[in-house]
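What follows is a short report on a single structure.
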Amino acid sequence: MRNVQKKAPTLLLIIVLVGFPQISESIFTPVLPALSRAMAVSANQIQWTMSSYFVAFAVGVLWWGQLADRIGRRPAMLGGVGLYLLGNLGLLLSPRFGWLLGFRLLQAFGASAGSVVTQTIMRESFTGIVGARIFAQTSAAMALSPALGPLIGGLMQTLGGYPAVFGTLVVMASAVFSYSALRLPETRPRQGTPATRQWPIVKRLVSDPVVWGYGILIGGINGILFSYYAEAPFIFETHFNFSALAYGALGLSLAAASLGGALLVSRLLNRWTPEQIIVGGLLLSCGAALLLWLAAVLDLAWGMVGGFFLVFLGLNIALPNALNRALIGYEAVMGSASGWFSLGYYLLVSALTYGMSLLHSPSIQRLPLYCLVLCLGMVTAYGGLVRRTQARRLLAAASD
1 MRNVQKKAPT LLLIIVLVGF PQISESIFTP VLPALSRAMA VSANQIQWTM SSYFVAFAVG
61 VLWWGQLADR IGRRPAMLGG VGLYLLGNLG LLLSPRFGWL LGFRLLQAFG ASAGSVVTQT
121 IMRESFTGIV GARIFAQTSA AMALSPALGP LIGGLMQTLG GYPAVFGTLV VMASAVFSYS
181 ALRLPETRPR QGTPATRQWP IVKRLVSDPV VWGYGILIGG INGILFSYYA EAPFIFETHF
241 NFSALAYGAL GLSLAAASLG GALLVSRLLN RWTPEQIIVG GLLLSCGAAL LLWLAAVLDL
301 AWGMVGGFFL VFLGLNIALP NALNRALIGY EAVMGSASGW FSLGYYLLVS ALTYGMSLLH
361 SPSIQRLPLY CLVLCLGMVT AYGGLVRRTQ ARRLLAAASD
């Protein structure tokens with residue numbers, strides 16, 4: 001398969017652009033206690049810096065997606081990274097908590113360009129098997145990014161306290177901006193027109209069953225991931241008495257699952273269609289979730305570790321192809337469509353994560369059952385919305 005554009009960004013640049021927002025979110029976690037003391041606020045208040053990040057990120061995804069259609073991918077990306085750099089400088093210089101919270105919002109708003117604009121660039125720069133492989137490799141990097149954040153943050157906190165963490169973010173933002181300015185090409189198709197009216201795009205997306213199916217799939221996969229992050233500490237640290245360090249090391253198993261999924265996708269693309277790969281990954285996750293629940297019933301700690309690994313292996317087999325194929329047919333308004341689509345599945349991720357918090361109890365079976373229900377729901381949604389609609393469209397095309 002060939003690139004859509006004569007110029008396309010390198011894989012390294014794509015990984016940098018899609019990875020820095022996740023590092024920015026997770027690098028913050030080790031410094032929260034120190035920030036609470038330094039800013040003289042409660043632990044609950046300092047946690048607003050985490051929740052506010054996702055609110056500003058979701059708003060930014062919509063903004064930068066639309067702006068990328070109006071002014072181009074390159075200027076939108078550089079504008080987002082520029083605001084991200086200003087937000088990090090503000091964090092470093094903030095004298096009080098109110099300022100810190102405001103610059104945290106600016107940081108997240110700018111960083112969201114790295115998500116939506118990069119996905120837009122990837123979808124229009126690479127197609128077919130090449131596109132699937134690029135998304136698979138990028139998904140692997142996205143899994144490693146959150147694991148790198150706490151390691152970097154903890155190290156910087158040990159060496160120089162929270163100012164060292166914010167200083168690291170400033171350096172990282174400067175490097176990302178410079179690299180993008182030097183190497184990022186403009187990939188917006190020449191035939192694409194700036195999206196001046198959003199309602200037709202929204203109406204088309206909302207009425208498209210395939211978009212709904214892929215949105216449920218992507219949101220469900222990420223919802224399971226963040227539900228794990230919310231509930232797993234209570235399972236492994238509280239119930240199984242893992243140390244915090246041992247629990248933190250379990251994150252490497254999730255990174256391994258993502259890397260394994262990316263490798264499997266690359267191999268399977270030579271034999272299976274993307275749709276078959278998605279179904280195979282979802283079915284693997286369903287079976288693994290059932291085994292995970294059985295391990296919870298039997299109170300087997302390492303059985304649950306293995307079960308979570310297999311669940312996320314299957315999900316990471318399905319995710320790259322879902323991301324790659326979600327907005328086929330929206331190339332002329334890809335930036336705006338990506339923004340609205342991302343906003344929708346981010347809302348679903350938030351709802352599913354909140355749902356796990358409502359289900360929280362001392363029982364370690366709740367999360368495995370939640371994973372099983374969500375996996376079965378994704379299989380049903382994919383089959384009923386995506387596959388059935390695709391089959392209906394093929395029949396309609398054949399009859400014409």
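With full-length UniProt numbering as the guide, the letters of the sequence shown map in order to residues 1 to 400. Ideal Cβ positions, reconstructed from N, Cα and C, are used throughout, including at glycine.
| Close Cβ partners of K7 (< 6 Å) along its chain, the five nearest in sequence each way excluded | P185
| field | C-alpha distance - G213 paired with G384, whole-angstrom precision | value | Their Cα atoms are separated by approximately 8 Å.
| query | Do you know how far the Cα of G377 is from the Cα of G219? | reply | 12 Å
| query | What's the C-alpha gap between Q157 and V386? | reply | Distance between the alpha carbons of Q157 and V386: 47 Å.
| field | Rounded straight-line distance, which links the Cα of G280 to that of R197 | value | 39 Å
| query | Thinking C-beta only, is G65 closer than 8 Å to G339? | reply | yes
| What distance in whole Å lies between the Cβ atoms of L225 and I23, which are believed to be in contact at a cut-off of 8 Å? | With a Cβ gap of about 16 Å, I23 and L225 do not count as contacting.
| message | Can you give me the C-alpha to C-alpha distance between A351 and V379, rounded to a whole angstrom? | response | 19 Å
| Cβ-based neighbour list, A68, same chain, cut-off 7 Å, excluding 5 preceding and 5 following | A76, V117, T120 and G335
| Among the residues of its own chain, which have a CB less than 8 Å from the CB of A232, if the five just before and after it don't count? | Y247, L250, F308 and L367
| field | Cutoff 7 Å; reference G223; Cβ partners in own chain excluding five residues on either side | value | If the five residues before and after G223 are omitted, its C-beta is found closer than 7 Å to the C-beta atoms of L348, V349, L352, T353 and L374, all from its own chain and listed in chain order.
| field | Minimum length 4: unbroken alpha helix (DSSP H) runs contained in the stretch 341-385 | value | 366-381
| query | What are the start and end residues of each continuous alpha helix (DSSP H) run of 4 or more residues lying completely inside the stretch 231-314, in chain order? | reply | 244-249, 251-268 and 274-297
| So S115 packs on P21, CB below 8 Å; how close in whole Å? | For S115 against P21, the beta-carbon gap comes to about 6 Å, under 8 Å, which counts as contact.
| Residues near residue 444 in its chain [Cβ-Cβ closer than 7 Å; skip 5 each side] | Limits of the chain in this structure are 1 at one end and 400 at the other, which puts residue 444 out of reach.
| said: Would S266 and R133 qualify as a contact pair, given that the criterion is a beta-carbon distance under 8 Å? | reply: Less than 8 Å separates the beta-carbon of S266 from that of R133.
| message | One question on the structure: do L292 and V311 come within less than 8 Å of each other, judged by their Cβ atoms? | response | yes
| Within 8 Å, strictly: CB atoms of A262 and N316 | yes
| So what does DSSP say about Q198, is it helix, strand or coil? | Taken through DSSP and simplified to helix, strand or coil, Q198 comes out as coil.
| task | Compute the beta-carbon to beta-carbon distance between A108 and F57, rounded to the nearest angstrom, for a pair I have assumed lies under 8 Å. | result | 5 Å
| From E275 to A326, what does the alpha carbon distance come to, in whole angstroms? | 11 Å
| DSSP state of P189, grouped into three classes? | Three-state DSSP puts P189 in coil, outside helix and strand.
| message | Rounded to the nearest angstrom, what separates A337 and L205 at their Cα positions? | response | 8 Å
| Hey, would you say S180 sits closer than 8 Å to L78, going by beta carbons? | yes
| request: Under 7 Å Cβ to Cβ from V297, same chain only, skipping five residues before and after it: list those, please. | output: Excluding positions up to five away in sequence, the list reads Q365.
| field | For W302 and F242, the rounded distance between their alpha carbons | value | 11 Å
| task | Pull up the distance between the alpha-carbon of A381 and that of V81, whole angstroms please. | result | 36 Å
| request: Can you give me the Cβ contacts of residue 472 inside the same chain, cut-off strictly under 7 Å, excluding the 5 residues immediately before and after it? | output: The question about residue 472 has no answer here: the residues shown for the chain are numbered 1 through 400.
| How many angstroms separate the CA atom of S236 from the CA atom of T10? | Reading off the sequence, residue 236 comes out as Phe, not Ser. One C-alpha to the other measures close to 40 Å.
| field | Residue range of the alpha helix (DSSP H) that includes T120 | value | A113 to S125
| message | Need the endpoints of the alpha helix (DSSP H) that S94 sits in, please. | response | From DSSP, S94 is part of no alpha helix (DSSP H); its letter is neither H nor E.
| task | Out of S42, G153 and G287, state which residue places its alpha-carbon closest to the alpha-carbon of F97. | result | S42
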